[in-house]
Each structure stands twice: as C-alpha cells, then as structure tokens.
Amino acid sequence: MLSLTTGLVPLVLAGLLGWTGSVKLFNRDTVRQAPKTALARILRSSERAALVLRAVGAVELLVAVGLLALPANPVPGTATAVLGAGFLGYLGYGRALAPESSCGCSANEDTPITWRAFARATVVLAGGATAAANGAWWSTITEQPGGSLVFLAVAVFVLVALSVDLDRWWLLPLRRLRLRVCGHPLFGSEPADRVPVAASVELLERSLAWQTASPVVRSGLLDHWEQGGWRILLYSGVYRTRESAQPVSVVFALDATASRDTPGDPVIRVSFVDADSGEPVAQEMLNAVPPRRALPTVG
Amino acid sequence: MTYRQNNNNGGLGRRRFLTTAALSGATIVGATALGGIDADAAFASEPSLDPAIPTSSFVEGRITGITGSVLQVGGSYGDHSRVQMTNATSVWKVRPTTAAEIEIGDGLYARGVPMPDGTVAADAVWVNIVNIDTQIRGIAKNRLHLSHGQHEFIGHVLPDTTNASYAGRALTSDLSRLRIGQRAQVLGAWRPSDDSVDIVRVSVGH
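Residue numbers (the numbering used here), protein chains in the order written: chain A, -18 to 280; chain B, 1186 to 1391.
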C-alpha cells in the first residue's frame, strides 16, 4: 500500500500542477482575475501580479512535466515540495494581509483563502517530499492496476473536494439532487396561513394610518401582541415639538389575518396615549383624517 | 414609575390597557403611503425620516463599552459617540427586544436626537443588522448556505422569525419556495462570534 501511494504521488501531483499551471499560464481570465488576488495586494500592482501568476503557472507546468517524465530523479519532487512550501507561505501572508482577496491558486477562482487552500498546498508539500525519492509511476500501475485505479480515484476525489472553484460543478448539483430526492427541508415547518408580525408591520407602514401618525412616531416596533383577532403594534413617539413636546405611546390595531396581499382596504385603528398619564391625546388630529381609498390603477 | 416602564412586571395589565386604547382610537381606512422605520430604515440614506425631528443624528459602529444606559460606540472611521438609551428607545436585534440584549462587540446603527451633553438620545437602535445581496448555494432544515461576492457564509433559519417575500408579494413564513441558485436579498442580524447571519427576511424574485 505504501509503495502504491509513494509510487503514484508524482502522477497525482503532476495532474494537479498541470491543471493549475495551465489555467494560470494560458487562461485569458488570469489578467482579469489578477487584481482580485492577494498577490496583487502584496505586489501593489495588478500587472505585476498577472505576470507573476503566469510565471508561477509556467514553473508549475515545468514541474508537472518533470514529475511525469523523470520520476526516479529527486529534482522534480524537491521542486514540488519547495513550490508547496512557497504556496503555504504565500497563503499565510495573503490571509493575514488581505483576508477577503482570493488566493489565485488556480487563477480562475474568486473565493477567499480558506482552510481548503491551505490543505491543498500542504498536500503539494507533503506529496513533493514523498515523490523526491521514488521509482517510476508507470511500473506501479502495471504491477498493481486495480489498486492504482482506486488510489487515483480517491486522490482525484480529495483534490476536487479541496478545490473551492470546482464546487459549482459537484457541490451545488449534489445539493439540488438532495432537495429533489428528500424534499424541501423548509416545507411545512410553519403553518403557511399564519400572517407573520413582519407582514403586519409591512402592511401598516404602507397604510394611510401610518402616514397620519408618522410625524409622531419616533421609534421602531417596541412590542406586539394579539387580542381578539386584532394585532396590536406599539411604538413610542413625541407629540408636538419644543416646549410643549409630550412623550406618547402610539398604538395601532389591525386585523391579525391581513397582509399586503389581502384584498380590500385594511382597517387600522390608531391611538396616541400620553406616556405619563395614560390619557389618550390628539384624538381630534387622528379623527380629522378623511376616509380615503387607494387610487384606482390601470389594469 | 410610569406605566411605560412596567415592561416586565404588570406587562399584561399594560397590554390590556393599551389594547383598549388602540381599539377605542381613530379608525383609518386606506392603503398607499410611503416610509417606515422598521429594520429597513437602518439603511435609509436620509437619516431624518421624521418631519417632527428638526435634527436627528445617525450613529454607526461597534459597541466598545456599556456604562449604565449609555453605549460607547467606535465608528467605522475612527470617530467615537455615546448613545443614550431611554425607556422609549426601540431595540432591534433579530426581533424587537430590550436593551439588555445588547453586548459589547456588537455592531450598531442608532438614530436619535443630539443632546447638549454630546450624547445621542436614541429613538431606535438596530444591532448587528445587515442587508446583503446573496446567492443561495444550499438549503437545509435550519440554515441556508449563502454567498455574497467572494464571501460564503451560513444564514440561520429561525422558527417564528424568518420570513420570505416572493416576487414582491407580502411577507410569509412559508420558506419552501426558496431554490438553490436564486439571488436573494437577505435582511438579518450578523453574529460576531462565528460570522454567520440570523436571517430575518429573505426576498427573492425581484
């Protein structure tokens, strides 16, 4: 098993470095993505970052070819380990300097540096160290074809799981499939016919009652409760200004089953209650509002 | 003690009293108006929503200390303010709540009236409120996986609190029409401890 692992590590690493290297070197998006990477912050220039990304891509490709062609030679393995260590150092520095920037590891991802990027760089470092002294990978495959296939499949699975930019190819479809098979997890958790308080507040804030009372209302929603089919919403406010200013509680009562989508005009009751004496105030101001219907709309 | 302060003891009697007051109040029929100072108002560009307040102040930042009923706030641009809580101040932290729920380290938006001693007497305080343009990347029983630009985070679904609005229709507690891949505007409260968000409202299909 150990010989299988060490024998095939160069092949796996060559695949990974070949992929990330060619993306960095040949993809047109490299220039577009460069400003978003932590590298651009470190070098303080998007152009320099794009150049360095391309150069790193070329080095990765070179190392990948070396790993494939010269498995018995310790140079490609050592180079891979050095590359992995460099990636780790860069990721650590980049994460400390610009945690929101992307890593640029495979150049076309725009997710920030997470533990997965660190894990992938660690795999490169450890794999490089393992591959530094080893036999040829093709002899391992010919000697143990079944085991090799299983190992390669597992390795590809691990690397794909560690690559954030591949999520949309497997993670999202997997989650969609789960919803389709297991049903929507948020279905039926709440009785749908109940009108949430937020919907009552929304209805209130679009009402003529609110328009009338809003010069007095100063706070957000303080308290709410239901009684006899009414939903009571409590706000605090100040009636009149300057010397005669009077703190009041503003109380609205509206149908607990009505929301913005309920047809017809909602009936809303409003009262200002003096905060200190508990006496209703300004009834005449509220009563003066003429009943008004919504304007007819076309359609 | 005025009846306003009897929030905990005798709250039922106070509610009954206010219910009576509300139901005997003026009846106003009709729809169509603008404005509001619900959680959305925390993001209004014009801080003064209220013509009765000649000068209202807006404070934002992280709470660095709490002394009695005064919150010390360190602003995003290095400024410092003091916010005076009163017993008429509304506090929003996921839902309407009390000042006792506010903790040091919380983010804060507050609107109020400047006082001669340099404090701002708050009318309304919104704690940790966020309003984010996101994409839904995963749905589970008690959370949504959301992404905002390059940032991925968890949105907690709270029973009794999380509401949804589909294509501009009224808010509903039915969340079963959310789909993976949809763009969603999420209003919620950020949890400083683990950088996740408690979802209050998710609007899709606009």
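Ideal Cβ placement from N, Cα and C applies to all residues, glycine included.
Using a Cβ cut-off of 9 Å, pull out every chain A residue sitting near residue i, in sequence order please.
i: B:G1366; result: L153 and R157
i: B:W1277; result: G201 and L202
i: B:L1363; result: H165 and L167
i: B:R1386; result: A179
i: B:R1322; result: D148, R149, L152, L153 and R156
So, with DSSP's three-state summary, where would you put residue i?
i: A:F138; result: helix
i: A:Q14; result: helix
i: A:L(-15); result: helix
i: B:R1368; result: strand
i: A:T123; result: helix
i: A:R22; result: helix
i: B:Y1262; result: coil
i: A:F168; result: coil
i: A:P55; result: helix
i: B:A1237; result: Here B:A1237 scores only 49 on pLDDT, less than 50, and its place in the model should not be relied on; the value that follows carries that caveat. If DSSP states are grouped into helix, strand and coil, B:A1237 belongs with coil.
i: B:G1250; result: strand
i: A:S45; result: Checking the displayed sequence, the identity of residue 45 of chain A turns out to be Ala instead of Ser. Residue state, collapsed to three classes: helix.
i: A:E224; result: helix
i: A:Y129; result: The displayed chain sequence assigns Ser, not Tyr, to residue 129 of chain A. In this structure, A:S129 counts as helix in the three-state DSSP scheme.
i: A:L215; result: strand
i: A:D146; result: helix
i: A:G108; result: helix
i: A:Q264; result: helix
Within 10 angstroms of its Cβ, does residue i collect 16 or more other Cβ (buried), or is it exposed?
i: A:E265; result: exposed
i: A:G218; result: buried
i: A:D242; result: exposed
i: A:A191; result: Going by the sequence as given, residue 191 of chain A is Trp instead of Ala. Buried, since its Cβ has 16 or more Cβ neighbours within 10 Å.
i: B:I1289; result: exposed
i: A:R250; result: buried
i: A:T123; result: exposed
i: A:E207; result: exposed
i: A:W96; result: exposed
i: B:N1193; result: Any reading at B:N1193 needs caution, since the residue's pLDDT is 46, under 50, leaving its predicted position unreliable; the model's value is listed next. Exposed.
i: B:R1322; result: buried
i: B:H1265; result: exposed
i: A:C163; result: exposed
i: A:F68; result: buried
i: B:T1252; result: exposed
i: B:K1326; result: exposed
i: A:W118; result: buried
Report the neighbours of residue i on chain A: residues whose CB is nearer than 7 Å to its CB, in chain order.
i: B:V1342; result: L167
i: B:T1274; result: S200
i: B:R1247; result: Residues of chain A passing the Cβ test: none, with the nearest at roughly 18 Å.
i: B:S1261; result: Those do not exist, as B:S1261 stays about 16 Å from chain A at its closest Cβ, beyond 7 Å.
Using beta carbons (cut-off 7 Å, strictly below), is residue i in contact with chain A?
i: B:D1308; result: yes
i: B:P1299; result: no
i: B:P1377; result: no
i: B:G1220; result: Because the pLDDT at B:G1220 is just 38, under 50, the model does not fix this residue reliably, and the point stays unresolved.
i: B:G1198; result: no
i: B:S1358; result: yes
i: B:G1390; result: no
i: B:L1256; result: no
i: B:S1242; result: no
i: B:A1216; result: Summary for B:A1216: the model assigns pLDDT 46, below 50, so the residue's position carries little reliability; its value from the coordinates is reported in the next sentence. Yes, B:A1216 lies at the interface with chain A (some Cβ there is under 7 Å from its Cβ).
i: B:L1203; result: yes
Using the beta-carbon of each residue, which ones in chain B are nearer than 7 Å to residue i?
i: A:R241; result: A1355
i: A:W206; result: R1200
i: A:L72; result: Under the 7 Å cutoff, chain B gives no residues; its nearest Cβ is about 15 Å from A:L72.
i: A:L130; result: Neighbours of A:L130 on chain B: none; closest Cβ ~31 Å, over 7 Å.
Are the C-beta of residue i and some C-beta of chain B separated by less than 7 Å?
i: A:V254; result: yes
i: A:E183; result: yes
i: A:R250; result: yes
i: A:T77; result: Correcting the residue type first, residue 77 of chain A is Ala in the shown sequence and not Thr. It does not; no Cβ of chain B falls within 7 Å.
i: A:P177; result: yes
Output, in chain order, the set of chain B residues within a Cβ distance shorter than 8 Å of residue i.
i: A:A180; result: N1348, A1355, L1356 and T1357
i: A:L42; result: Simply none; closest approach about 27 Å.
Just to make sure I have the definition right: I need the residues of chain A whose C-beta is within less than 8 Å of the C-beta of residue i. Which are they?
i: B:A1325; result: P166
So residue i contacts chain B; which residues on that side make the cut at Cβ distance below 9 Å?
i: A:L143; result: Correct list: empty, because the minimum Cβ distance to chain B is about 15 Å.
Just by C-beta distance, which residues in the stretch 221 to 238 of chain A are closer than 7 Å to chain B?
Hits within the stretch, in order: T222, P228, S230, V232, F233 and A234.
According to a CB-to-CB cut-off of less than 9 Å, which residues of the stretch 208 to 222 of chain A neighbour chain E?
The displayed structure is made up of protein chains A and B, and chain E is not among them.
Closer than 8 Å, Cβ to any Cβ of chain B: which residues of the stretch 7 to 39 of chain A, in chain order?
Flagged, chain order: K17.
Which residues, in chain order, does the stretch -12 to 2 of chain A contribute to contact with chain B at a C-beta distance below 8 Å?
Listed by position, the residues of the stretch -12 to 2 of chain A near chain B (Cβ gap below 8 Å) amount to none.
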